[in-house]
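Residue numbers (the UniProt record's numbering): 1 to 593. All C-beta atoms in this analysis are idealised placements derived from N, C-alpha and C, irrespective of residue type, glycine included. Just so it is clear, the structure is predicted and the values come from calculations on it, not from any experiment. This report refers to the structure that appears directly beneath it.
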Amino acid sequence: MPIYTAPTKDMQFLLHDVLKVTASNVPGYSDLDPEFTNAILEEAGKISSEVLQPLNIIGDSEGCVLENGMVRTPSGFKAAFDQMKEGGWTGIDMPEQYGGQNMPYVIGTAISEMFSGSNQAFTMYQGLTHGAASAILAHGTDAQKDTYLPKMVSCDWTGTMNLTEPHCGTDLGLMRTKAEPQENGSYKISGQKIFISAGEHDMADNIIHLVLAKIPGGPDGIKGVSLFIVPKFLVKDDGTLGARNGVSVGNIEKKMGIHGNSTCVMNYDDATGYLLGEAHKGMRAMFTMMNEARLGVGMQGVSQAEAAYQNAVVYAKDRLQGRDVTGTKNPDGPADPLIVHPDIRRSLMDQKSFTEGGRAFLFWGASMIDAAHRSNDKDADGLVSLLTPVIKGFLTDEGYDMTVRAQQVFGGHGYIEEHGMSQFTRDARIAQIYEGANGVQALDLVGRKLAVDGGKHVMAFFEMVKTFCKENGTISEAFTTDFIEPLKSASKDLQAAGMYFMQNGMKNPNHALAGSYDFMHMFGHVCLGLMWAQMAKAAQSALDAGSSDAAFYETKLVTGRYYMARRLPATALHLTRITSGADTVMALDAAHF
């Protein structure tokens, strides 16, 4: 059976050595002293390894079963869900007013990574509830908040987001689900939604669906979409559950991975719904969920890569195959362990440098969300909005690739189910697709986000990199060579790509759009390069201060040098592709494919 150990030490390093949370002026951060955060992370890590991880393979093998309109979750899921609720983990960063603990989002992100790394399918039930609750918190009336949030924060009731329909995926303007106004102010919702994660299950008393639908007579396309609260069971005035609503499950999707999560076809037949936010402004309300969800999906890419990497390391150290070409390392055995071979080391270093850099990127993103929400920091809000498609798209593409590399370390044993490596790859695959497929993330980045506020936020990012390089260029000659110069070079590549879009995209938009995917990955590499430079600075400072844990910090420096030397130069390849333009991409007539 696969193993999983929560990376709590690395998380502590990021919170305190890199982000220096207690020195931040973001409300709530001063309370996050190392002893406090360590206690939280260690307890969450214990639940991850002792409760959730053993259920991961059970969820994968059993899946969910639809019986008489009800979905039965895999063995052990309900008991584990009850344990999560009892421990208060479901509302860790939600307002105290509704039963949460009001901790910063960055702590919720760290905890979610551990839970997802140990059991992604299970963690989605509470993760989706968190997103739905956040949308109600941001856009609901006081009465709606009082009715739904206390039960959703505790996960006595769970939540979903209903966007996709059989005939439309990304193009939500084509949706057909209707919302007919009623005299009492409610609406009758009719239509079908597909791919609804956690759409029906046996772990909560009620399920609160947030459903996109069109009110007849509204604007055409996406401008005519509204968002509605549609509970599985109607809620009486006293807060108790009433009649079953006109919501039913048509089927459970048969999927490549995340078998433990009930991904449903949902049918709405004159179901009673309540408008959330303004009429015809549903996408604005839904994006409250989706932006949070996209950072969470980026987290899933990192978490699955981390879990797969941990198992690959154990196997590489134990499996005896071949001899080290520079000299035998295991003279008493028939062969040396896999980890002596340079190509295995390359694979493991790719994985290690990605997961640690990706985690830093996630924590940085979460800290900007905290600054935006807790301090009303508009600059932080603008920057994290710019980086959201990069976090989602880059981290999930790379995360999936790293699970494949981890699987490859096992050779044929990674392909059969005995070692459980295929589950990490299968579970990670969905992260590249849902909450906006990664190609759409790239289009959003280049087609929309770069130009927001006149390009203010991307210019702020470039200035941030430039300032870091200037302020830290004299730490040492080695630091400049290993970290500053590679970061400068990669940032220049990114700026050159942006300039190419400006010069050519207006004349032919395809020149920008054909390069958008490469640009998203280039941006991701530059972000991880910045993260590694910051981590290296923090590690060197700890070593200079005589840290008693020198091995940990020295390992950081070695891993960071690997990323800067072997991974970050990918920006040059992406730039070459971008500047080749769209002509070769679009040259072949559609009939000839």
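- Using a Cβ distance threshold of 8 Å, Asn102 and Lys151 do not count as a contacting pair.
- The C-alpha of Thr559 lies about 11 Å from the C-alpha of Ala533.
- If you keep only unbroken alpha helix (DSSP H) runs of at least 4 residues inside the stretch 303 to 390, you get 342 to 375.
- Glu86 sits exposed, since fewer than 16 C-beta atoms from the chains shown fall within 10 Å of its C-beta.
- Contact between Gly393 and Met520 holds, with the beta-carbon distance rounding to 5 Å and staying under 8 Å.
- Exposure of Phe36 is indicated by the presence of fewer than 16 other C-beta atoms within 10 angstroms of its C-beta.
- Cβ contact annotation for Gly91 (same chain, cutoff 7 Å, sequence separation greater than five): Gly99, Gly100, Gln101, Val153 and Ser154, in chain order.
- Partner residues in the beta bridge of Gly159, as assigned by DSSP, are Ile208.
- The Cβ-Cβ distance between Leu386 and Val302 does not fall below 8 Å.
- By the criterion of at least three beta-carbon pairs nearer than 8 Å, the stretch 125 to 134 is in contact with the stretch 193 to 205.
- DSSP lists Val235 as the beta-bridge partner residues of Leu241.
- In the structure shown, the three-state DSSP call for Cys64 is coil.
- Taking all protein chains in view, the Cβ of Val230 is crowded by 16 or more other Cβ atoms within 10 Å, so the residue is classified as buried.
- With fewer than 16 other beta carbons inside 10 angstroms of its own, Glu463 counts as exposed.
- Under DSSP, Tyr187 shares a beta bridge with Pro181 and Gly273.
- With a cutoff of 8 Å on beta-carbon distance, Ala514 and Gly414 are scored as not near each other.
- Counting C-beta atoms within 10 angstroms of its own C-beta, Gly382 has 16 or more neighbours from the protein chains shown and is therefore classed as buried.
- Taking a C-beta distance under 8 Å as the contact criterion, Gly117 and Tyr4 qualify as a contact pair.
- Within 10 angstroms of the beta-carbon of Asn251 lie fewer than 16 other beta-carbons, which makes it exposed.
- Taking the Cβ atoms as the reference, Leu320 lies roughly 6 Å from Gly333, within the contact range of under 8 Å.
- Per DSSP, Asn251 is one residue of the beta strand (DSSP E) stretching across Val247 to Ile252.
- In this structure, Phe122 lies near Ala80, with their beta-carbon atoms less than 8 Å apart.
- Val452 counts as exposed, since fewer than 16 other C-beta atoms from the protein chains shown sit within 10 angstroms of its C-beta.
- Short of 6 Å from the beta carbon of Tyr562, and not among the five residues preceding or following it, lie these beta carbons of its own chain, in chain order: Met349 and Ser353.
- By the C-beta density criterion, His592 is exposed, having fewer than 16 other C-beta atoms within 10 angstroms.
- Residue state for Gln101 is assigned as coil, using DSSP reduced to three classes.
- Under the DSSP assignment, Val153 falls in the alpha helix (DSSP H) whose first and last residues are Asp142 to Val153.
- Minimum Cα-Cα distance from Ala308 among the listed residues Met564, Met421, Ala512 and Phe468 corresponds to Met421.
- Residue pairing by DSSP places Glu165 opposite Cys168 in a beta bridge.
- When C-alpha distances from Asn291 are compared across Gly411, Ala135, Leu276 and Asp324, the shortest belongs to Ala135.
- When rounded, the separation of the alpha-carbon atoms in Ala478 and Thr8 is 29 Å.
- If you ignore the 5 residues before and after Leu445, its C-beta comes within less than 6 Å of the C-beta of Pro389 and Met520, all in its own chain and listed in chain order.
- DSSP, reduced to helix, strand and coil, places Val526 within a helical segment of the structure shown.
- For Tyr434, the three-state secondary structure derived from DSSP is coil.
- When secondary structure is reduced to three states using DSSP, Phe593 falls in the coil class, being assigned neither helix nor strand.
- Exclusion of the five residues before and after Met531 leaves Gly357, Ala360 and Phe361 as the residues of its chain whose Cβ lies within less than 6 Å of its Cβ.
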